[in-house]
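The sequence shown runs 406 to 547 under the working numbering.
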Amino acid sequence: MTKIFGEIESGNYIEVRTKISLIGKRKFANSAKSSLGMIDGALGYRHISIDQDADIILLRNSLTSITTDGKTKSKNLTLQDIDDSIENLENFEQAIEFLKRENKLGVYGELTELSKEELEIRRDNIYSNLEFIENLIEEKGN
Numbered sequence: 406m407t408k409i410f411g412e413i414e415s416g417n418y419i420e421v422r423t424k425i426s427l428i429g430k431r432k433f434a435n436s437a438k439s440s441l442g443m444i445d446g447a448l449g450y451r452h453i454s455i456d457q458d459a460d461i462i463l464l465r466n467s468l469t470s471i472t473t474d475g476k477t478k479s480k481n482l483t484l485q486d487i488d489d490s491i492e493n494l495e496n497f498e499q500a501i502e503f504l505k506r507e508n509k510l511g512v513y514g515e516l517t518e519l520s521k522e523e524l525e526i527r528r529d530n531i532y533s534n535l536e537f538i539e540n541l542i543e544e545k546g547n
């Protein structure tokens, strides 16, 4: 099953597979752990190459096509193809969050392990944050 992010009429959209394979999930988890392991007390953070970034691995492994300015590429998609499609930046970001949520990866996987009480606390914090954002929006609207 696939999902499209973006508006087809605009000529800028992407299509991703909605389910991630076991190997894809492991690649995501291992790259996320690897990123955390890049901390070195004396030197600060070490550089991690973009092809080792967990979100990029997730996106790259699930992309079936990229359409930019009406031109579609669906075979041999590379990091350069993703980078060249600036028009799809928001679509890429939305797809990454969707894939993590849909496949219970990263923080979404951690949420499934929480108790009902812990989930209620997180929910209340989110509502509090939304209220704060709504107030900021109202202030900026005046």
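C-beta atoms are modelled at their ideal positions from N, C-alpha and C, and glycine is treated no differently.
Item	Value
Span separating the alpha-carbon of Glu467 from that of Asp460	Per the sequence shown, residue 467 should be read as Ser rather than Glu. For Ser467 and Asp460, the distance between alpha carbons rounds to 11 Å.
Phe410 - partner residues in DSSP beta bridges	Ile419
Distance CB(Ile419)-CB(Ile428) smaller than 9 Å	no
Ser490, buried or exposed, once every other Cβ within 10 Å from all chains shown has been counted against 16	buried
Three-state class that DSSP yields for Ile462 in the structure shown	helix
Residue closest to Arg506, alpha-carbon to alpha-carbon, out of Ile413, Ile425 and Ile487	Ile425
Ala447 (DSSP reduced to helix, strand or coil)	Residue confidence is low: Ala447 scores 48 on pLDDT, short of 50, so the model does not pin down where it sits. No coordinate-derived value is stated.
Given Ile434 as reference, the closest of Ile462, Glu414, Asn417 and Ile413 once Cα atoms are compared	The sequence shown places Ala at residue 434, rather than the Ile named in the question. With distances taken between Cα atoms, Ala434 lies closest to Ile462.
Integer-rounded CB distance, given that Thr483 should sit under 8 Å from Gly416	Not quite, the Cβ-Cβ distance comes to about 21 Å (not below 8 Å), so this is no contact.
Classification of Asn496 by the beta-carbon crowding that lies within 10 angstroms, buried from 16 upward	buried
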